[in-house]
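> There's a structure below that I have some questions on.
Numbering (the working numbering), first residue to last: 1 to 150.
Spelled out as structure tokens, the structure:
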């Protein structure tokens, strides 16, 4: 348990790049693998066929394997604690920089849904957001958060 807590305090190196006023992206390399973890964050100002919410930041996670292939599936690299610590650090920086009113991410695998429920409690506690739904979304479960009023 002590090792897990220590690793959670040591995210992998990353930097968030602002592509435009409505797009941010970041990536980091998972040690001892040929995987690059990528996070793409886009502001959706109006509801669309895929997004029923207005004014929401949509966060997509993906993994680049080698040079060209992206997957959203669980990779089983054995580095989940380092990856999770890095994602938590990225969320912290993104929230501090943009102060989004709403944001969302989704998952389809049962183990990832369970992990995201745990992460959702951390987001509520650490960042003053309300977890407003975990409804169905495309082929998975949506995790949607809204800034609490002060």
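Just so it is clear, CB atoms sit at the ideal spot from N, CA and C, and this is done for glycine as well.
Given the structure is predicted, the values throughout are model-derived calculations rather than measurements.
List the endpoints of the continuous alpha helix (DSSP H) containing residue 111.
Segment 110-127, the alpha helix (DSSP H) holding residue 111.
> Nearest CA to the CA of residue 62: which residue from 86, 84, 37?
Nearest option by C-alpha distance: 37.
> Nearest to residue 31 by CA position, among 39, 146, 21, 81, is which residue?
For residue 31, the nearest C-alpha among the options comes from 81.
> Rounded to the nearest angstrom, what separates residue 65 and residue 10 at their Cα positions?
Their Cα atoms are separated by approximately 23 angstroms.
> Please state whether the Cβ-Cβ distance between residue 143 and residue 84 is less than 9 angstroms.
Taking 9 angstroms as the Cβ cut-off, residue 143 and residue 84 do not qualify as a contacting pair.
> Which of helix, strand or coil does DSSP assign to residue 82?
Here residue 82 sits in helix by DSSP.
> In the DSSP assignment, what are the bridge partners of residue 106?
DSSP lists 142 as partners of residue 106.
> Measuring CB to CB, does residue 56 end up less than 9 angstroms from residue 39?
Their beta carbons are not under 9 angstroms apart, which means residue 56 does not touch residue 39 by this criterion.
> Taking the beta strand (DSSP E) that residue 168 falls in, what are its first and last residues?
Residue 168 is absent from the model: the chain starts at 1 and stops at 150.
> Let me confirm a value: residue 34 is counted as buried when at least 16 other C-beta atoms fall within 10 Å, else exposed. Which label applies?
Flag for residue 34 reads exposed.
> For residue 87, count neighbouring C-beta atoms within 10 Å of its own C-beta (all shown protein chains included) and say buried if the count is 16 or more, exposed if not.
So residue 87 counts as buried.
> Got a sec? Which residues, its chain only, sit under 8 angstroms from residue 123 by beta carbon, not counting five neighbours each side?
Result list for residue 123: 91, 129, 131, 145, in chain order.
> Which partner residues does residue 58 have in the DSSP bridge list?
Looking at the DSSP assignment, residue 58 forms a beta bridge with 42, 104.
> I'd like to know whether the C-beta atoms of residue 118 and residue 140 end up nearer to each other than 9 angstroms.
No, the Cβ-Cβ distance between residue 118 and residue 140 is not below 9 angstroms.
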